[in-house]
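Asks: Under full-length UniProt numbering, the residue at position 176 of the sequence shown is numbered 176, and the numbers go up by one with no gaps. Before I ask anything, let me first share the structure, which is written out below as structure tokens.
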Amino acid sequence: MMRKLKKLVLLGTGLIGGSFSLALKRAKCVEHVVGVGRNPDNLARALELKVIDEASSDAALAVADADLVLLSAPVGQMAVLLQQIAAYLPDDCIVSDAGSTKQDVCALYRQHLPHHLHRCVPGHPIAGSELSGAAAAQYGLYEGRRVVLTPLAESAPDAIELLKSLWHACGAQVFEMSAAEHDGIFSAVSHVPHLLAFSYMNAVLDRHDAALCFDFAATGFRDFTRIAASHPEMWRDITLANKKAILLDLKANMAQLSALIECIESHDTLGLDEKIVRASSARNQWGHRSGS
Numbered sequence: 001m002m003r004k005l006k007k008l009v010l011l012g013t014g015l016i017g018g019s020f021s022l023a024l025k026r027a028k029c030v031e032h033v034v035g036v037g038r039n040p041d042n043l044a045r046a047l048e049l050k051v052i053d054e055a056s057s058d059a060a061l062a063v064a065d066a067d068l069v070l071l072s073a074p075v076g077q078m079a080v081l082l083q084q085i086a087a088y089l090p091d092d093c094i095v096s097d098a099g100s101t102k103q104d105v106c107a108l109y110r111q112h113l114p115h116h117l118h119r120c121v122p123g124h125p126i127a128g129s130e131l132s133g134a135a136a137a138q139y140g141l142y143e144g145r146r147v148v149l150t151p152l153a154e155s156a157p158d159a160i161e162l163l164k165s166l167w168h169a170c171g172a173q174v175f176e177m178s179a180a181e182h183d184g185i186f187s188a189v190s191h192v193p194h195l196l197a198f199s200y201m202n203a204v205l206d207r208h209d210a211a212l213c214f215d216f217a218a219t220g221f222r223d224f225t226r227i228a229a230s231h232p233e234m235w236r237d238i239t240l241a242n243k244k245a246i247l248l249d250l251k252a253n254m255a256q257l258s259a260l261i262e263c264i265e266s267h268d269t270l271g272l273d274e275k276i277v278r279a280s281s282a283r284n285q286w287g288h289r290s291g292s
């Protein structure tokens, strides 16, 4: 039987951490949840919605007697948070995170928690929304979704297994891979799509008739730009944290766009057909497999 958590601490009380809390509460896997954050209004809303049981602005104080600490703040805040809690973590407390990049976060664990690495299990739940804050948290966010763990060489097997069991209790499927493999994959399928959506929105905004374009925008525009409404601070941090992989993928996308421009300028109907059919076929196959 899975060990029930007596105390879970969320370092970042928004969509990701809040949904983790709600799912574990529903599964009766946790007794008490403390939410730590910088925004008093967001913490008050989290208490009101019963996302957390206690609010705190002091990370060091909050982690006392914790069984599990989940860093669910933007990646750019994690170094400061780890510095704040390092001297106050209980010996057996497990530390994990929900960061969208992993090589940089693994390095932060090594830098700030060198004597606690056996209880550190980096992770990344593959779920989210363009919405943010505690009010966006939902019980079922992780149902049927994937969670990637990228354990350190020092991560203790029992810590890994407890994390797996908690994510399973949230309804998620759990996978393990290396931090480098994770960052390469998610640059291609998550990070760069967001940057392309941001860039496209800015290109429309730069048009002299932008207001008229928005008046006539419909489902194609809505579907393509949905993720452009995502949390700015989080995506700034992700982009800089996974710089190497993202630059490679952005350059690959630039090459594709250049080839497309060349086809259009030369009226190359066969070339256009080939590119569109290849992409459409691959997207349809993925949609059938994933149910999307």
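Glycine included, every Cβ here is placed at the ideal spot set by N, Cα and C.
Let me check understanding here. Comparing Cα to Cα, which of 41, 94, 238 and 250 lies closest to residue 7?
Replies: Counting from one through the sequence shown, the residue named residue 7 turns up at place 7. The candidate whose alpha carbon is nearest that of residue 7 is 94.
Asks: Is residue 202 buried or exposed, if buried means 16 or more other CB atoms sit within 10 Å of its CB?
Replies: Translated into the one-based positions of the sequence shown, residue 202 becomes position 202. Of the other Cβ atoms in all chains shown, fewer than 16 fall within 10 Å of the Cβ of residue 202; this residue is therefore exposed.
Asks: Report yes or no: do the stretch 90 to 107 and the stretch 68 to 75 share at least 3 C-beta pairs separated by less than 8 Å?
Replies: For the pair of segments examined, the stretch 90 to 107 was found to touch the stretch 68 to 75: the number of CB pairs separated by less than 8 Å reaches three.
Asks: Report the CB separation of residue 302 from residue 148 in whole angstroms; it is logged as a contact under 8 Å.
Replies: Past the boundaries of the shown model lies residue 302; the chain is included only from 1 to 292, so the question cannot be answered.
Asks: Can you check which of these residues, 273, 282 and 15, is closest to residue 129 by C-alpha distance?
Replies: As a position in the sequence shown, residue 129 is number 129, starting the count at 1. Cα-wise, what sits closest to residue 129 is 15.
Asks: For residue 283, report the span of its alpha helix (DSSP H) as first-last.
Replies: Against the sequence shown, residue 283 aligns to sequence position 283. Unbroken alpha helix (DSSP H) run through residue 283: 269 to 290.
Asks: Following the continuous alpha helix (DSSP H) through residue 146, name the residue where it begins and the one where it ends.
Replies: The residue you call residue 146 lines up with position 146 of the sequence shown. Per DSSP, residue 146 belongs to no alpha helix (DSSP H); it is in the beta strand (DSSP E), 146 to 149.
Asks: Could you name each continuous beta strand (DSSP E) segment of 3 residues or more that falls completely within the stretch 142 to 226, going from the start of the chain to the end?
Replies: 146 to 149 and 173 to 176
Asks: On the three-pair Cβ rule with 8 Å, is the stretch 105 to 115 touching the stretch 137 to 145?
Replies: no
Asks: Touch check for the stretch 156 to 174 and the stretch 40 to 48: three-plus C-beta pairs under 8 Å?
Replies: no
Asks: By DSSP's criteria, residue 41 is part of a beta bridge. Which residues make up the other side?
Replies: Start at 1 with the first residue of the sequence shown, and residue 41 comes out as number 41. DSSP lists no partner for residue 41.
Asks: So residue 30 and residue 10 are in contact, right, with Cβ under 8 Å, and what is the actual spacing, rounded?
Replies: As a first step, residue 30 is located in the sequence shown; it is residue number 30 there, counting from the start. As a first step, residue 10 is located in the sequence shown; it is residue number 10 there, counting from the start. Contact doesn't hold; Cβ gap of about 11 Å is too wide.
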